[in-house]
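Novice:
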Amino acid sequence: MTMRHWAWAAAPLALALLATGCDSTSGAPGARGARGAEPTAAPSTSGARAVDRVCSEPAAGPVKAPAGAVTVDPAVVGDLAAKTRSNPPHTTFWLRPGKHRLDPDRYAQVFPKEGDRYLGAPGAVLDGRKKNQYAFSGTARDVTIRYLTVERFVAPPDEGVVNHDSADGWVIEHATIQDNSGAGLMAGDRQQVRANCLRDNGQYGMNAYKATGRITGLVVEDNEIVGNNTGDWERRRKGCGCTGGIKFWAVDGADVRGNWVHDNRGTGLWADTNNNDFRIENNVIEANDGAALIYEISYNAVIRNNTIRRNNWVEGRTAAESGDNFPFATVYLSESGGEPRIKARTDKIEIYRNLLEDNWSGITLWENADRFCNSPANTSSGDCTLLVKNTDRCAKPAIAEPPLYDDCRWKTQRVDIHDNRFVLDESVVKCTENCDRMAVLSNYGTYPDWSPYKGEKVAEAITHKQHNRWHDNVYLGPWKFVAYDPSRVLTFQEWRVTPYQQDAGSTYRARAGG
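Residue numbers for the sequence shown follow my numbering, beginning at 707 and rising by one.
(1) Consult DSSP for L1093 and reduce its assignment to one of helix, strand or coil.
(2) Measure from the alpha carbon of K770 to the alpha carbon of each residue in N793, L891, L825, then state which is nearest.
(3) Use the C-beta contact count for N981: other C-beta atoms within 10 angstroms, 16 or more gives buried, fewer gives exposed.
(4) Does the stretch 1111-1122 come close enough to the stretch 1170-1182 to have 3 or more Cβ pairs within less than 8 angstroms?
(5) Return the chain-ordered list of same chain residues with a C-beta closer than 7 angstroms to the C-beta of P828, the five sequence neighbours on each side being excluded.
(6) Suppose you measure from the CA of R971 to the CA of Y910; what does that come to, to the nearest Å?
(7) Out of curiosity, what's the CA-to-CA distance linking V849 and C946?
(8) Give the single residue among Q815, N965, M912 whose Cα lies nearest to the Cα of D758.
(9) Can you give me the Cβ contacts of N902 inside the same chain, cut-off strictly under 8 angstroms, excluding the 5 residues immediately before and after it?
(10) Leaving out five residues on either side along the sequence, give the residues of the same chain with a beta carbon under 6 angstroms from the beta carbon of K819.
(11) Roughly how far, in whole angstroms, is the beta-carbon of I1009 from the beta-carbon of N1060, given that I think they are within contact range, below 8 angstroms?
(12) In chain order, what residues of the same chain have a beta carbon less than 6 angstroms from the beta carbon of T855, not counting five sequence neighbours either side?
(13) If I follow the unbroken beta strand (DSSP E) through A977, where does it start and stop?
(14) Given this structure, state the Cα-to-Cα distance separating A956 from R1217, to the nearest angstrom.
(15) State yes or no: is the C-beta of W1072 within less than 9 angstroms of the C-beta of L1039?
(16) Could you tell me if L1172 is buried or exposed, where buried requires 16 or more neighbouring beta carbons within 10 angstroms of its beta carbon?
(17) Let's test the definition: count the other Cβ atoms within 10 Å of the Cβ of D885 and tell me whether it reaches 16, buried, or not, exposed.
(18) Check Q884 in the structure and name its three-state DSSP category.
(19) What do you get for V962, buried or exposed, if any count of 16 or more other CB atoms within 10 angstroms of its CB means buried?
(20) Decide yes or no for the touch test of the stretch 974-994 against the stretch 1025-1034: beta carbon pairs closer than 8 angstroms, at least 3 of them.
(21) Determine the direct distance from the alpha carbon of P1184 to that of D1252, and round the result to whole angstroms.
(22) Buried or exposed: E1166, going by 16 or more other Cβ atoms within 10 Å of its Cβ?
(23) Looking only at its chain, what residues have a beta carbon closer than 6 angstroms to the beta carbon of A926, apart from the 5 residues adjacent to it on each side?
(24) Look at the alpha carbon of S1133 and the alpha carbon of A1210, and state the distance between them as a whole number of angstroms.
(25) From the DSSP output, in three-state form, read off V769 for me.
(26) Let me know the secondary structure DSSP gives H1170 once reduced to three states.
(27) Using alpha carbons as the reference points, say which of G866, R905, D874, G875 lies closest to L891.
(28) Excluding the five sequence neighbours on either side, which residues of its own chain have a C-beta within less than 7 angstroms of the C-beta of P1046, listed in chain order?
(29) Let me confirm a value: Q815 is counted as buried when at least 16 other C-beta atoms fall within 10 Å, else exposed. Which label applies?
(30) I851 to F859, Cα distance in whole Å?
(31) Out of D938, S1004, R1202, which has the shortest C-alpha to C-alpha gap to W1116?
(32) Is it buried or exposed for W800, if we count other Cβ within 10 angstroms and need 16 for buried?
(33) Go through the stretch 841-928 residue by residue and report every complete run of the beta strand (DSSP E) that reaches 3 residues or more, in order.
(34) Using a threshold of 9 angstroms, state whether the C-beta atoms of G996 and N1012 are closer than that.
(35) Could you tell me the distance, in whole angstroms, from the CA atom of S792 to the CA atom of V783?
(36) Quick check: the Cα distance between A977 and F984, rounded to an integer number of angstroms?
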């Protein structure tokens, strides 16, 4: 698993967002507020889209068994697993109201067969009783789980309770997956995760990770993802990069839309290590302790029409109070960019028509000069870019020359940030410095001794040569801008002129954030 690497290394909202009048989700019933921060119930200055309160208003399943379905009795311990074993593939199971239990053995989970369907009646709960590790496992394809609550399973770290083995083609809809250790669910190819409540799980709401191969065609739509990482794993494994509302690993093609991602301990959505072709749109991402979104050593994405509010108050403030001047952002792109040679629906990372309001800082584009294939500083140990099939090629002397000089490094390049609305009221965020940054930067390359990227080469490239561009945005509040390295803090005027020439066509009102 990849370590989170923030450190400065020494070694359709559309343009309607510009209008007011929509209701704020902050302070609404069910919105719990960032930990350590006071909830802000005041009306939004800029509007926010409505959210589906999946957890407090779950959809009800069928009150009677569908024709041909096998009925599962909550009074019989192990009935669900036993009837799954004794019936053929493509069977529909209807779980009666009540608490369903598996046998007490920790490996007594259900092993679905291809095409099996599990439907919960109103009030149907599959309860692991803190004894069973997994709820649904195995490699059967095209399994469906609907209207069922799955709770109190104790999966180990980095493992999941539902679809434990990342089987393909699963559909999980209108389910409540809560109060489990590890991840609420895993993901396989063509998985559809719709209108679920993924709540208060120990590590992730979902861990989109497959041990062999890449995940393709993932849909995550209209879910409420709240309160995850109750185990506070970043504290227990400092720098592990192993938490979030959802974590995505090596996913090639994902649509993440219409979700309400809030009040998670740590990052809301985190795409980490060779993800590609994401569309992240029409989500409300708010009140997460860490960043709303991290896109790390990954490629080609569209991030649009999202409402992103009150994120990163806990982690951003903690870093600032420690004296760290790195621009910790609420949208953080780390060694990620557009790459035309990798097939996707876009050949860049485009961030547009989003509302970012009262977060701890804005968007940071970062590239660690010491992180590349085969470098000891690559915290995604063993991984190389999608452009190099044989990782061993990224070594001296070949890495110092084209094409490996470019292809052995994940680049933050071809990032287009436009038509967004950035609002900051420091009295709401309760800060006086370091919460107001927009940034594009790198570190001074130092490591390892055979690195061809030493010195200011990467800082020069990310700032001036890799086609990273802000333009046609609206800034309300006392924003500052960081370029090249953390020490270069610029005014809006300095940011717009030579040598940076950013934010052409943008407007700025320093006193309008309140």
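Cβ atoms here follow ideal geometry from the backbone N, Cα and C, with glycine treated the same way.
Specialist: Straight from the coordinates:
(1) coil
(2) L825
(3) Result: buried.
(4) yes
(5) A766, G767, V769, P803
(6) So the alpha carbons of these two residues sit roughly 10 angstroms apart.
(7) 32 angstroms
(8) N965
(9) Only V760, I878, E879, H880, A881, T882, I883, N929, E930 meet the Cβ criterion.
(10) P795, A846
(11) Rounded to whole angstroms, the Cβ separation of I1009 and N1060 is 7 angstroms, and the two are in contact under 8 angstroms.
(12) V831, T882
(13) 975-978
(14) For A956 and R1217, the gap between their C-alpha atoms comes out near 43 angstroms.
(15) W1072 is a Cβ neighbour of L1039, given a cutoff of 9 angstroms.
(16) The residue asked about is misnamed: residue 1172 is Gln in this sequence, not Leu. That one is buried.
(17) buried
(18) Strand at Q884.
(19) Burial call: buried.
(20) no
(21) This structure gives no information on residue 1252, because the portion of the chain shown stretches from 707 to 1220.
(22) exposed
(23) Correcting the residue type first, residue 926 is Val in the shown sequence and not Ala. These residues qualify, in order along the chain: V899, V962.
(24) One C-alpha to the other measures close to 28 angstroms.
(25) V769 falls in the coil class under three-state DSSP.
(26) helix
(27) G866
(28) D1053
(29) buried
(30) If I take the Cα positions, the gap works out to 17 angstroms.
(31) S1004
(32) Label assigned to W800: buried.
(33) Taking only runs of at least 3 residues, the beta strand (DSSP E) segments lying wholly in the stretch 841-928 are 850-852, 855-857, 866-868, 877-879, 882-884, 889-892, 898-900, 903-905, 910-914, 921-927.
(34) no
(35) 15 angstroms
(36) 9 angstroms
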